[in-house]
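Residue numbers (our numbering): 672 to 794.
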């Protein structure tokens with residue numbers, strides 16, 4: 672995945688992005704990625720796309736009631752911020768190591784390590 676947990680992203684499409692277009696004084700919707708669902712192609716961004724969830728009273732939450740929770744956003748609606756600017760992301764393999772890079776500048780973002788790649792090297 673080109674976006675992973677902990678990345679800072681900007682919403683470029685959808686409800687949050689539309690609010691910025693309507694109100695010119697607002698700054699673009701940005702936040703930290705809390706989780707990524709690769710199968711469904713969705714991300715949860717901190718502080719964005721809040722929905723009200725109704726919870727029943729339980730042992731952990733005695734009162735129950737309405738709780739605001741961040742809902743997922745389609746991954747195509749967000750763009751990674753690199754040095755404060757939105758950028759497209761690509762992958763390169765150099766010296767046997769795979770890393771993400773910013774397509775606009777060619778700068779290395781970070782090295783990619785996954786459990787699948789590590790398992791393949793052991794056997």
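Glycine is no exception: its CB is placed at the ideal position from the N, C-alpha and C atoms. This one's a predicted model, so the numbers in the text were calculated from it and none came from an experiment.
Asked	Found
Beta-carbon proximity check, residue 771 vs residue 745, cutoff 8 Å	no
Of the listed residues 752, 783, 774 and 672, nearest to residue 767 (C-alpha basis)	783
Inter-stretch contact (C-beta, 8 Å, three-pair minimum) for the region 717-733 and the region 754-765	no
Residue 750 burial status per 10 Å Cβ neighbour count (16 or more: buried)	buried
Closest by C-alpha distance to residue 711, when choosing among 762, 747, 765 and 773	747
Residue 704 versus 779, 742 and 781, residue with shortest Cα-Cα distance	742
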